[in-house]
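Peer 1: Supplied in structure tokens, the structure appears directly below.
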Amino acid sequence: MGLSKYTVMQSQKSFSDVDNSWAKDEINELLGKGIVDETSTFQPKSQVTREDFTTWVAKSYGLTKDDLEVPFEDVPKDHPHYSEISTAYEQGIISGKSAESLILKDTLQEKKCRPSFQMH
């Protein structure tokens with residue numbers, strides 16, 4: 007039986023605009039893990055969209071499949087987060103605002119997200 011070797015690495019990535027945020031460490035940890043997209047800024051005071059939230063949850067749980075279909079006109083196959091969004095839809099994490107649309111750019115309200123993640 008062979009033994010495997012693993013290396014633990016800590017990411018040095020960070021966003022330039024979160025230094026004064028109460029969630030600085032958590033935001034930068036998500037960046038280091040590849041859960042949030044690597045851009046120059048995070049914009050911690052901006053509102054989170056349905057697209058952002060869906061992508062972050064899918065990436066957090068490793069939910070990505072490339073061969074799924076979604077019935078939504080506003081999520082084309084060439085969308086940068088198609089795999090995460092289609093997998094989240096298939097798993098029942100998100101639903102459309104209508105039969106044809108997810109309306110990805112809508113912003114989320116905390117009270118609408120919280121019940122989805124309550125522990126039972």
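Counting the sequence shown from 1 gives a position; our numbering is that position plus 6.
Virtual Cβ for every residue (Gly too), placed ideally from N, Cα, C.
(1) Where threonine 93 and alanine 64 are concerned, what is the direct C-alpha to C-alpha distance, given to the nearest angstrom?
(2) Express the C-alpha separation of lysine 19 and valine 99 in angstroms, rounding to a whole number.
(3) Locate the alpha helix (DSSP H) running through tyrosine 67, then write down its first and last residues.
(4) In three-state DSSP terms, what is threonine 45?
(5) Taking one C-beta from the segment 74 to 84 and one from the segment 33 to 48 each time, how about it: are there three or more such pairs within less than 8 Å?
(6) Return the CA-CA distance between threonine 6 and glutamate 90, expressed in angstroms with no decimal places.
(7) Which term fits isoleucine 201, buried or exposed, when burial requires 16 or more other beta carbons within 10 angstroms of its beta carbon?
(8) Rounded to a whole number of angstroms, what is the C-alpha to C-alpha distance between lysine 39 and alanine 105?
(9) Would you decide whether glutamate 79 is buried or exposed? Buried here means 16 or more other CB atoms lie within 10 Å of its CB.
Peer 2: Answer, in terms of the structure:
(1) Within the sequence shown, residue 93 is the residue found at index 87, counting from 1. Within the sequence shown, residue 64 is the residue found at index 58, counting from 1. Each residue's Cα considered, the two are about 7 Å apart.
(2) Here residue 99 refers to the residue found at position 93 when the sequence shown is read from its first residue. Here residue 19 refers to the residue found at position 13 when the sequence shown is read from its first residue. According to the sequence as given, residue 99 is isoleucine; it is not valine. Their backbone Cα atoms lie some 29 Å apart in a straight line.
(3) Locating residue 67 in the sequence shown gives position 61, counting from the first residue. No alpha helix (DSSP H) holds tyrosine 67; DSSP gives it neither H nor E.
(4) Within the sequence shown, residue 45 is the residue found at index 39, counting from 1. Threonine 45 falls in the coil class under three-state DSSP.
(5) Cβ pair count under 8 Å is below three, so no.
(6) A question about residue 6 goes unanswered here, because the residues of the chain that appear run from 7 up to 126.
(7) Absent from the structure is residue 201, since the part of the chain shown begins at 7 and ends at 126.
(8) Within the sequence shown, numbered from 1, the residue matching residue 39 stands at position 33. Within the sequence shown, numbered from 1, the residue matching residue 105 stands at position 99. Distance between the alpha carbons of lysine 39 and alanine 105 is about 33 Å.
(9) For this step, residue 79 is matched to residue 73 along the sequence shown. Label assigned to glutamate 79: exposed.
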